[in-house]
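Worksheet for the structure shown next.
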Amino acid sequence: MKTLSKNFLAVLLAATVSGCATGIGGTYKSPEVHSFNDKGEKEVLTDTKVFESGVIRSFPDIAIPSTHKIDLDKSVIFTSPTQTVGKITLSGSGDADSLFRFFEEQMTANGWSMVNSFQSATSSMYYAKPGKFVAIIIEATQTGSRVYINVGPE
């Protein structure tokens, strides 16, 4: 009887432990978010699209070049009632010189004043607006370029 109790407890313990290990149910899957495109057709928005559109909406006065995509793993936004700050990381196929000219034109067109800039293998551009400051770092990569846009208070 004593052996049966020990075996029963061992089986019960094993079932409990293995049940706990697999009882989590896998990885989190966010619910689908639906939207309507320009043609009025329903489409599913992925987390990526939602986050990308959130980044773009958070900083409407900072243009994103069409040659680049937002690197969601390396980008972050912090929003409070009084300000929105963050770091946007872009990667894509555009060359560093073209990107430098792109930001030089677009930032001025969007009301930013250039504080200073340095153009080299890794270029830096600094812009200001009342209450806001942006640092743009452009670096060449083997496949194109990477851009770091840091937005903060002035």
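Note that the numbering used here has the sequence shown beginning at 165, numbered continuously upward.
All C-beta atoms in this analysis are idealised placements derived from N, C-alpha and C, irrespective of residue type, glycine included.
Have a look at the options and flag the residue whose alpha-carbon is nearest the alpha-carbon of residue i.
i, options, result
"residue 221", "237, 202, 249 and 204", "249"
"residue 264", "313, 219, 296 and 246", "313"
"residue 270", "291, 251 and 284", "291"
"residue 323", "284, 273, 260 and 272", "Coverage of the chain is limited to positions 165 through 318, which leaves residue 323 absent and any answer about it impossible."
"residue 219", "283, 237, 301 and 246", "237"
Is the beta carbon of residue i less than 8 Å from the beta carbon of residue j?
i, j, result
"residue 281", "residue 289", "yes"
"residue 226", "residue 279", "no"
"residue 295", "residue 318", "yes"
"residue 315", "residue 200", "no"
"residue 275", "residue 251", "no"
If I'm right that residue i touches residue j with Cβ under 8 Å, what's the distance once you round it to whole angstroms?
i, j, result
"residue 257", "residue 308", "4 Å"
"residue 255", "residue 232", "6 Å"
Excluding sequence positions up to five away, which residues of its chain have a Cβ less than 6 Å from the Cβ of residue i?
i, result
"residue 303", "286 and 310"
"residue 301", "288 and 312"
"residue 283", "264"
Starting from the C-beta of residue i, find all residues in its chain whose C-beta is less than 7 Å away, skip the five residues before and the five after it, and write them out in chain order.
i, result
"residue 235", "253, 254 and 255"
"residue 266", "229"
Name, in chain order, the residues that DSSP records as bridge partners for residue i.
i, result
"residue 338", "Outside the shown range of the chain (165 to 318) lies residue 338, about which nothing can therefore be said."
Going along the chain, which residues of its own chain have a beta-carbon closer than 8 Å to the beta-carbon of residue i, five neighbours each way excluded?
i, result
"residue 242", "248, 249 and 250"
Less than 8 Å between CB atoms is the rule here; does residue i satisfy it with respect to chain C?
i, result
"residue 310", "Reference to chain C is not applicable here, since this structure consists of a single protein chain."
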